[in-house]
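Engineer: Below you will find the structure I want to go over with you.
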Amino acid sequence: MTSPTTSATGQPAPQSAPQGAPAPARYVEAEAFGGPEVLQLREELVPAPGEGQVRLQVHAIGVNPIDLKIRSGARGGTAPFRLGYEVAGVVDAVGPGVTTVRVGEEVIAFRIDGGYASALLVPAADVVPKPASLPWAEAAGLLLAGATAVHALEVTGVGEGDVVLLHGAAGAVGQAVIQLAGLRGARVIGTASERNHDLVRDLGAAPIRYGDGLVDRIRAAAQETGAPTAAIDAAGTEEALTTSLALVDHDRIATVVVTPRAAEAGIKRLGGAAGADPGTAIRDAARAELARLAGEGLLRVRVVRELPLADVQEAHRFVAENHAAGKVVLLP
Ligand SMILES: NC(=O)c1ccc[n+]([C@@H]2O[C@H](COP(=O)([O-])OP(=O)(O)OC[C@H]3O[C@@H](n4cnc5c(N)ncnc54)[C@H](OP(=O)(O)O)[C@@H]3O)[C@@H](O)[C@H]2O)c1
27 MTSPTTSATG QPAPQSAPQG APAPARYVEA EAFGGPEVLQ LREELVPAPG EGQVRLQVHA
87 IGVNPIDLKI RSGARGGTAP FRLGYEVAGV VDAVGPGVTT VRVGEEVIAF RIDGGYASAL
147 LVPAADVVPK PASLPWAEAA GLLLAGATAV HALEVTGVGE GDVVLLHGAA GAVGQAVIQL
207 AGLRGARVIG TASERNHDLV RDLGAAPIRY GDGLVDRIRA AAQETGAPTA AIDAAGTEEA
267 LTTSLALVDH DRIATVVVTP RAAEAGIKRL GGAAGADPGT AIRDAARAEL ARLAGEGLLR
327 VRVVRELPLA DVQEAHRFVA ENHAAGKVVL LP
């Protein structure tokens with residue numbers, strides 16, 4: 027008989043040998059393209075990890091607007107399919123060749139596929155250590171919005187002394203942009219509904235209402251901050267685009283919501299949409315630093331709702347209202 031640490035030949039097992047029996051899991055499958063009702067809970071056995079993989083027992087799952095777009099069919103593909111780009115959990119098995127992470131480690135995984143699950147296999151290259159001080163839900167909601175914010179700040183060259191015009195300041199991406207811009211020594215004028223102005227102010231930006239008269243309100247806010255020198259659009263409205271083009275040098279405008287008008291205008295378009303810059307290297311490189319900042323309390327993730335995985339349809343309905351003002355997280 028062999029112990030878990032010795033192989034069948036009696037030699038010590040290589041550290042990277044796959045461990046454990048298949049793990050039972052619940053996961054969400056979209057059975058077709060459509061509304062939230064296409065999301066169904068299923069069960070499966072997740073096998074031991076293969077070469078370069080780890081298996082996670084998931085503690086929290088970040089829900090993002092992109093999940094809704096994919097579910098609707100707006101991004102193409104074939105059904106059935108799985109959703110979920112970011113999770114936080116504990117490693118319960120590591121595959122051959124994995125040396126960077128150990129069984130029992132608390133990690134954040136991003137960018138992964140099929141994260142709406144209680145257990146799953148992910149590439150070891152896509153996990154970073156979760157700071158012990160960071161709650162599970164915040165960890166699960168940190169990296170997609172955070173890495174997007176870093177990408178937008180990088181390509182617009184935001185640094186000390188800049189003033190960023192930020193559309194969609196109360197959303198998850200907006201909140202990350204405000205805080206990370208502040209850490210770079212920049213100031214932010216951010217658009218949000220009035221009920222979110224205290225939130226935006228607390229994060230360090232000058233809040234203004236979007237809607238008619240926006241350019242005048244930006245000019246008024248600029249009396250305090252200085253005129254905008256860069257613009258980041260996390261709202262994707264016609265108004266956001268027009269306003270950015272009116273006030274900021276074309277080369278320093280970026281949007282994370284890719285629209286035909288943004289393409290026509292020739293501004294920087296970021297993310298996974300056709301014709302956009304995915305920024306994979308920038309985003310991957312940002313993960314460890316974002317985790318460090320969040321662990322040290324320098325980057326806050328505001329979680330507004332935590333729902334059981336079984337309530338995934340409700341989670342999608344809530345995000346679809348487009349006024350979440352923070353992260354929605356599923357708990358398996
Ligand atoms: N390209 C990428 O890589 C990438 C990555 C992440 C997200 N995104 C996209 O970026 C957008 C924002 O994502 P998110 O995660 O931040 O979403 P979110 O957390 O759901 O936030 C959406 C926010 O938009 C604000 N908003 C709604 N209508 C607005 C308007 N007309 N003008 C300004 N703000 C408005 C809302 O704030 P109020 O309640 O104050 O109105 C709301 O809090 C989504 O379209 C998402 O798909 C793209």
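Quick note on my numbering: the sequence shown kicks off at 27 and runs consecutively. Beta carbons are placed, not taken as given, at the ideal position from N, Cα and C, and that holds for glycine.
For G141, verify whether its CB is less than 7 angstroms away from any heavy atom of ligand 1.
Structural biologist: Here residue 141 refers to the residue found at position 115 of the sequence shown. Flag unset: Cβ of G141 not near ligand 1.
Engineer: Going by DSSP, what residues sit across from T217 in a beta bridge?
Structural biologist: Locating residue 217 in the sequence shown gives position 191, counting from the first residue. Note: T217 sits in a beta bridge opposite I234.
Engineer: Can you check which of these residues, G78, V214 and S144, is closest to L150 by C-alpha distance?
Structural biologist: Residue 150 sits at position 124 when you count from the first residue of the sequence shown. Leu is not the amino acid found at residue 150; the sequence shown has Ala there. Selected option, being the one with the closest Cα: G78.
Engineer: Does ligand 1 have even one heavy atom less than 7 angstroms from the beta-carbon of S219?
Structural biologist: Mapped onto the sequence shown, residue 219 falls at position 193. S219 Cβ: within cutoff of ligand 1.
Engineer: Buried or exposed, going by whether 16 or more other CB atoms sit within 10 Å of the CB of Q41?
Structural biologist: Counted from its first residue, the sequence shown places residue 41 at position 15. Note that Q41 scores 42 on pLDDT, short of 50, meaning its location in the model is unreliable; the coordinates nonetheless yield the value given after this. The residue is exposed, with fewer than 16 neighbouring Cβ atoms inside 10 Å.
Engineer: Whole alpha helix (DSSP H) runs in the stretch 77-137 with 4 or more residues, listed along the chain?
Structural biologist: Whole alpha helix (DSSP H) segments, 4+ residues: 91-98.
Engineer: Could you give the DSSP three-state label for E315: helix, strand or coil?
Structural biologist: Stepping through the sequence shown from its first residue, residue 315 is reached at position 289. Helix, per DSSP.
Engineer: What is the residue span of the alpha helix (DSSP H) that L273 lies within?
Structural biologist: Working through the sequence shown from its first residue, we reach residue 273 at position 247. Where L273 is concerned, the enclosing alpha helix (DSSP H) stretches over E264 to L273.
Engineer: If you compare alpha carbons, which of R243, A58 and L192 is closest to A266?
Structural biologist: By one-based count along the sequence shown, residue 266 stands at place 240. Ranking R243, A58 and L192 by Cα distance to A266 puts L192 first.
Engineer: How many angstroms separate the CA atom of T251 from the CA atom of G187?
Structural biologist: Sequence index remark: in the sequence shown, residue 251 carries index 225 (1-based). Sequence index remark: in the sequence shown, residue 187 carries index 161 (1-based). About 10 angstroms.
Engineer: With a cut-off of 8 angstroms, do at least 3 Cβ pairs link the stretch 153-172 to the stretch 217-237?
Structural biologist: No: the two stretches stay apart, fewer than three of their Cβ pairs being nearer than 8 angstroms.
Engineer: Where does T255 fall in DSSP's three states?
Structural biologist: In the sequence shown, counting from the first residue as 1, residue 255 sits at position 229. Residue state, collapsed to three classes: coil.
Engineer: With a CB to CB cut of under 7 angstroms and the five nearest residues on each side skipped, what residues in its chain are close to G321?
Structural biologist: Locating residue 321 in the sequence shown gives position 295, where the first residue counts as 1. The answer, listed in chain order, is P157, S159 and L160.
Engineer: Would you list the residues sitting across from K156 in a DSSP beta bridge?
Structural biologist: Looking up residue 156 in the sequence shown gives position 130. Note: K156 sits in no beta bridge, so no partner.
Engineer: On the DSSP bridge list, what partners appear for A49?
Structural biologist: Along the sequence shown, one-based indexing puts residue 49 at 23. According to DSSP, which records beta bridges pairwise, A49 is partnered with V72.
Engineer: Using only alpha-carbon positions, find the residue among E290, R245 and V226 that is nearest to T301.
Structural biologist: As a working note, residue 301 is residue 275 in the sequence shown. Note that residue 301 corresponds to Gly in the displayed sequence, not to Thr. The shortest Cα separation from G301 among E290, R245 and V226 belongs to E290.
Engineer: Tell me whether A58 is buried or exposed, calling it buried when 16 or more other Cβ atoms sit within 10 Å of its Cβ.
Structural biologist: For the purposes of this step, residue 58 is identified with residue 32 of the sequence shown, where counting begins at 1. Label assigned to A58: exposed.
Engineer: Would the stretch 165-175 count as touching the stretch 305-314 if we require 3 or more Cβ pairs under 8 angstroms?
Structural biologist: Taking 8 angstroms as the limit for Cβ pairs, the verdict is that the stretch 305-314 does touch the stretch 165-175.
Engineer: Starting from T174, follow the alpha helix (DSSP H) in both directions and report where the run begins and ends.
Structural biologist: Position 148 of the sequence shown, counting from 1, holds the residue named residue 174. Here the alpha helix (DSSP H) through T174 covers L169 to V181.
Engineer: Out of Q201, T217 and V226, which has the shortest C-alpha to C-alpha gap to D238?
Structural biologist: Locating residue 238 in the sequence shown gives position 212, counting from the first residue. For the residues Q201, T217 and V226, the minimum Cα distance to D238 belongs to T217.
Engineer: Could you tell me whether the Cβ atoms of V124 and L82 are closer together than 8 angstroms?
Structural biologist: As a working mapping, residue 124 is identified with position 98 in the sequence shown. As a working mapping, residue 82 is identified with position 56 in the sequence shown. Contact: no.
Engineer: Taking 7 angstroms as the cut-off, is the CB of L206 close to at least one heavy atom of ligand 1?
Structural biologist: Indexing the sequence shown from 1 puts residue 206 at position 180. False, no ligand heavy atom lies under 7 angstroms from that Cβ.
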